[in-house]
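In our numbering, the protein residues as written are 36 to 366. First comes the structure, then the notes that go with it.
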Amino acid sequence: MEYRRLGSAGLKVSALSFGSWVTFGSQLDVGKAAACMRAARDAGVNFFDTAEVYNAGTAEEIMGRVIKDAGWKRSDLVISTKIYWGGRGPNDTGLSRKHLFEGTHAALKRLQLDYVDLLFCHRPDLHTPIEETVAAMTDLVRQGKAFYWGTSEWSAAQIVTAAAIARREHLIPPQMEQPEYNMFRRDRVEKEYLPLYGSLGLGTTIWSPLASGVLSGKYQDGIPKNSRATLKGYEWLRGNFDGPEAKEKIAKTAALAPIATELGMTLAQLAIAWCLKNPHVSTVITGASEVEQVKENMQALPFAAKLGPEVLARIEAVLKNKPEAEDDWRD
Ligand code: NDP
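Now the structure itself:
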């Protein structure tokens, strides 16, 4: 495994990490989640991601049980959770001081931990002043409930505002962002956040490297049984797998297959290795509903070295549907 600094922080996260969205509590019970986390750990993963909203707290409970039962040394692990959607009441959601404190305390209880390493504001909250959120996150860090705080899917402008408030008020600025990043969703990481990596030392813990599984190539012949696309309660994800936009992505994935085959890797490994090639990515949070997927995905790391400029240009041409790649951060 390779360990990367979380932006300018001293903390080191495994370049490949493992998350619990969708899977923990629906496809994976404690036993299966333990097998997946163990496989990830065996591959050198130190960073595990969850959120208060994942299966309404069940994902945190499962992750906490697995960590406790495994007897892993706490200092060997980097654990994150994310606060925003904690329930149905008017004060159970958002980034108010009240919900950030109550949500974090409840999450720690479910995780059976005294602290998380990373604590994220899961989305921006337009109904809470950023001042209130920055002050509350600073207090949570100063109380030892988390070592670093960050954002997820905030705009660059919102992150810059939070950092400026922190500087002005002697508070703690956000250290990391958790954005979606994959071959089909690139603009934020490659363009919008670009000035922030240097100026703020922003790290990134990127999510959905396989675009929810599409980039593994498994949707070429329709929707496979037991896949994420078939799960009750996740019908809202359907647009990722079905419809005109999905069709285009599935076709592009098929066009990438010869490149993967030529390099001796699977499509999933190609897609994950591609994310790893971006130097602004601190860690790629992978997801899996089977141990075999974890094992396959973890092997993407050595393959990243095979993605030289020529291969990247070929991938780019497929993604942009044109013969020559241009306007690329990799140039
Ligand atoms: P991916 O895009 O990598 O999708 C993972 C899913 O793809 C798996 O659950 C599995 O689904 C399928 N899959 C994985 N590996 C393979 C393989 N080798 N071959 C075939 N299929 C495969 O990541 P996620 O969308 O799961 O996101 C990863 C993590 O990022 C989450 O667990 C979460 O921690 C975080 N996240 C954060 C968000 C945020 O808002 N901050 C939002 C979403 C995720 P299947 O069951 O269909 O086989």
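Backbone N, C-alpha and C fix where the C-beta goes; we use that ideal spot for every residue, glycine too.
Query	Result
Could you name the residues that DSSP lists as bridge partners for residue 320?	52
Would residue 84 pass as a contact of residue 307 if the rule is Cβ separation under 9 angstroms?	no
Relative to the C-alpha of residue 116, which residue among 181, 54 and 86 is closest?	86
What span of residues does the alpha helix (DSSP H) with residue 335 cover, start to end?	335-338
With residue 274 and residue 280 assumed to form a contact (beta carbons below 8 angstroms), what rounded beta-carbon distance in angstroms separates them?	7 angstroms
Is the distance from the Cβ of residue 181 to the Cβ of residue 150 below 9 angstroms?	yes
Quick one: Cα of residue 94 to Cα of residue 55, how far?	6 angstroms
Count the other CB atoms within 10 Å of the CB of residue 60; is the residue buried (16 or more) or exposed (fewer)?	buried
Hey, could you find the ends of the alpha helix (DSSP H) residue 136 is sitting in?	132-146
So for residue 271, helix, strand or coil by DSSP?	helix
Quick one: is the Cβ of residue 263 within less than 8 angstroms of any heavy atom of the ligand NDP?	yes
Does the distance between the C-beta of residue 112 and the nearest non-hydrogen atom of the ligand NDP fall short of 8 angstroms?	no
In or out: residue 50 buried (at least 16 other Cβ within 10 Å) or exposed?	buried
How many Å lie between residue 65 and residue 98 at the Cα?	8 angstroms
I need the straight-line Cα distance from residue 366 to residue 345, nearest angstrom please.	For residue 366, the pLDDT reaches just 42, beneath the cut-off of 50, and the residue's location in the model is therefore unreliable, although a value from the coordinates is still provided. When rounded, the distance between both Cα atoms is 11 angstroms.
Grouping DSSP H, G and I as helix and E and B as strand, with all else coil, what is residue 282?	helix
Excluding the 5 residues flanking residue 37 on each side, which residues of the same chain have their C-beta closer than 6 angstroms to its C-beta?	50
From 203, 39, 57 and 108, pick the residue whose C-alpha is nearest to that of residue 322; which is it?	57
What number of angstroms, rounded off, separates the C-alpha of residue 191 from the C-alpha of residue 92?	29 angstroms
Compute the distance between the beta-carbons of residue 325 and residue 304, then report whether it is under 9 angstroms.	no
Does the beta-carbon distance from residue 154 to residue 139 come in below 9 angstroms?	yes
Under the three-state reduction of DSSP, which class applies to residue 181: helix, strand or coil?	strand
With distances taken from CA atoms, which of 166, 230, 188 and 170 is nearest residue 158?	188
Drop a sphere of 10 angstroms on the beta-carbon of residue 265, count the other beta-carbons inside from all chains shown, and report buried for 16 or more, exposed for fewer.	exposed
Starting from the Cα of residue 156, find the closest Cα among 214, 74 and 301 and give me that residue.	214
Out of 347, 79, 226 and 229, which has the shortest C-alpha to C-alpha gap to residue 113?	79
Given 8 angstroms as the limit, tell me if residue 283 has its C-beta closer than that to any heavy atom belonging to the ligand NDP.	no
Since I believe residue 206 is in contact with residue 170 (beta carbons under 8 angstroms), could you give me their beta-carbon distance rounded to a whole number of angstroms?	6 angstroms
Just grab the DSSP bridge partners of residue 238 for me.	211
Enumerate in chain order the residues of its own chain whose CB-to-CB distance from residue 81 is below 7 angstroms, with the five nearest sequence positions on each side excluded.	48, 49, 111, 112 and 113
Report yes if the C-beta of residue 182 is less than 8 angstroms from at least one heavy atom of the ligand NDP; otherwise report no.	no
State the beta-bridge partners of residue 186 as determined by DSSP.	156 and 212
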